[in-house]
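What follows is a short report on a single structure.
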Amino acid sequence: MLQFSKQFKEGKSRGLEQGGDIILKSHRVISLMLVVSLCMVTSCAQKNAEHQSEAEPPRITQQSTDLDTELIGNKDTTEKLETLSLAELAKEYRSTLILRGPGNKREVALTFDDAPDETFTPQILDALKREGVKATFYVVGNRIEAYPHIFKRIVQEGHVIGNHSYNHANLPKLSDAEFRDQVITTDLLISQFTGKIPNIIRPPYGNISEEQIKWLASQNKKVINWNVDSLDWEGLTPEEVEHNILSTVTPGAIVLQHAATGTGGDLSGTVQALPNIISKLRSDGYRLVTDTEMLGLEDQASTLFP
228 MLQFSKQFKE
238 GKSRGLEQGG
248 DIILKSHRVI
258 SLMLVVSLCM
268 VTSCAQKNAE
278 HQSEAEPPRI
288 TQQSTDLDTE
298 LIGNKDTTEK
308 LETLSLAELA
318 KEYRSTLILR
328 GPGNKREVAL
338 TFDDAPDETF
348 TPQILDALKR
358 EGVKATFYVV
368 GNRIEAYPHI
378 FKRIVQEGHV
388 IGNHSYNHAN
398 LPKLSDAEFR
408 DQVITTDLLI
418 SQFTGKIPNI
428 IRPPYGNISE
438 EQIKWLASQN
448 KKVINWNVDS
458 LDWEGLTPEE
468 VEHNILSTVT
478 PGAIVLQHAA
488 TGTGGDLSGT
498 VQALPNIISK
508 LRSDGYRLVT
518 DTEMLGLEDQ
528 ASTLFP
């Protein structure tokens, strides 16, 4: 009896061990099946992701700078933040965003950005006065504050004034509130000297977003860029500045030059080239006008903002 009991216990023990082996093996099989299933799901997900990436092109995060013949040689338009290119925006909002004037008249508009300063702006004003030419100056608000006497001279000598932001900000990078503050603050500074709010604006670097264009249109403003770039910001010689302008001018051209520069910048090439440029344009039958005259915007200043 004792021997039977002992055998029974040993048999039971062996049975439990065998049963445990069976259970353990079953768990291993189940685990293996789960791993295989997981791999299959992961593989399918990867294939789906690959299929989607093939079907959907990546979202564009930078503007194209391919402006065909609308924009010539401008380094300031290399960084674009919107999905539409400048050329596409100009086509979509052609009554607000303007790159050139009408081509049916032999007219050219000379424009000068970044004024005023105490070094180059007075020299450019002197040259324009000697030649009897009125130009368009796109002015920066904090420079009006720094050089009010120079800005006053621009106004008194009959040149047209456009807004060029308060501190030369890259406008598409700003919030709506920041963007509007740049425009409104500078407009009010200008109006203290002119008695009216300007109806033209040129965004620094030529950069502007679609939403910003819409808001400016609601304020009866025109965004005036250019189609001929002198590249004078590079500190070019007078001959180089002259060539860049005269070799690309056509009727209705809006020419970009600068009347002020940052520390160490040199616009003496612009100053020295200006008399020759004016003389040769006139000899070619061009009439030199302001942006507002070319575009028929005289006496259409926008009202104060709501």
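Mapped onto the working numbering, the consecutive letters of the sequence shown carry residue numbers 228 to 533.
All C-beta atoms, glycine included, are put in the ideal place defined by N, C-alpha and C.
Only a predicted model underlies this, so the values are computations on that prediction, with no experimental measurement involved.
Simplified DSSP assignment, three categories, for Asn-390: Within the sequence shown, numbered from 1, the residue matching residue 390 stands at position 163. The answer is strand: DSSP assigns Asn-390 an E or B state.
field: Cβ separation of Asp-535 and Thr-338, assumed to be a contact under 8 Å, to the nearest whole Å
entry: In this structure the chain extends from 228 to 533, so residue 535 is not present and cannot be described.
field: Helix, strand or coil at Lys-361 according to DSSP, with G and I counted as helix
entry: By one-based count along the sequence shown, residue 361 stands at place 134. In the structure shown, Lys-361 sits in coil (DSSP, three-state: anything other than H, G, I, E or B).
- prompt: With a Cβ-Cβ cutoff of 8 Å, do Ala-500 and Asp-344 count as a contact?
  reply: For the purposes of this step, residue 500 is taken as the residue at position 273 of the sequence shown. For the purposes of this step, residue 344 is taken as the residue at position 117 of the sequence shown. Against a cut-off of 8 Å, the Cβ pair of Asp-344 and Ala-500 comes out as no contact.
field: Under 8 Å between C-beta atoms of Leu-443 and Thr-323
entry: Translated into the one-based positions of the sequence shown, residue 443 becomes position 216. Translated into the one-based positions of the sequence shown, residue 323 becomes position 96. Result yes, Cβ atoms of Leu-443 and Thr-323 sit closer than 8 Å.
field: Limits of the alpha helix (DSSP H) - the one that Lys-379 falls within
entry: For the purposes of this step, residue 379 is taken as residue 152 along the sequence shown, with counting starting at 1. Counting along the chain, the alpha helix (DSSP H) containing Lys-379 begins and ends at 375-383.
task: Answer with buried or exposed for Gly-491, where buried requires no fewer than 16 other C-beta atoms within 10 angstroms of its C-beta.
output: For the purposes of this step, residue 491 is taken as residue 264 along the sequence shown, with counting starting at 1. Answer is exposed; the Cβ neighbour count stays below 16.
- request: Quick one: measure Cβ to Cβ for Val-367 and His-391, integer angstroms, because I've assumed they're closer than 8 Å.
  value: If you number the sequence shown from 1, residue 367 lands on position 140. If you number the sequence shown from 1, residue 391 lands on position 164. 5 Å between Cβ atoms; contact.
- prompt: Nearest to Tyr-432 by alpha carbon, out of Ile-411, Leu-483, Glu-469 and Ser-474?
  reply: Taking the first residue of the sequence shown as position 1, residue 432 is located at position 205. Comparing Cα-Cα distances from Tyr-432 to each of Ile-411, Leu-483, Glu-469 and Ser-474, the minimum goes to Leu-483.
message: Checking 8 Å against the spacing of the C-beta atoms, do Ser-457 and Thr-497 come in under that value?
response: What you label residue 457 is simply residue 230 of the sequence shown in a count that begins at 1. What you label residue 497 is simply residue 270 of the sequence shown in a count that begins at 1. Yes.
message: Once the 5 residues before and after Pro-430 are set aside, which same chain residues still bring their CB inside 6 Å of it?
response: Reading the sequence shown from its first residue, position 203 is the one you call residue 430. So the list reads Leu-398, once near-sequence residues are dropped.
Alpha-carbon to alpha-carbon, Phe-420 and Glu-461: Position 234 of the sequence shown holds residue 461. Position 193 of the sequence shown holds residue 420. Using only the alpha carbons, I get a separation of about 31 Å.
field: Minimum C-alpha distance to Lys-361 - residue among His-470, Leu-515, Leu-494 and Phe-378
entry: To locate residue 361, count along the sequence shown from 1; it is residue 134. Per the Cα distances, Leu-515.
query: Just curious, the alpha helix (DSSP H) that Arg-429 is in, first and last residue?
result: The count along the sequence shown starts at 1 and reaches residue 429 at position 202. Run containing Arg-429: none; DSSP gives neither H nor E here.
Presumed contact (8 Å Cβ cut-off) between Val-450 and Ile-435, rounded CB distance: Taking the sequence shown and counting its residues from 1, one reaches residue 450 at position 223. Taking the sequence shown and counting its residues from 1, one reaches residue 435 at position 208. Contact holds; Cβ gap of about 6 Å.
field: Rounded separation between Phe-364 and Glu-525 - CA only
entry: Here the question's residue 364 lines up with position 137 in the sequence shown. Here the question's residue 525 lines up with position 298 in the sequence shown. Spanning the two alpha carbons is a distance of roughly 15 Å.
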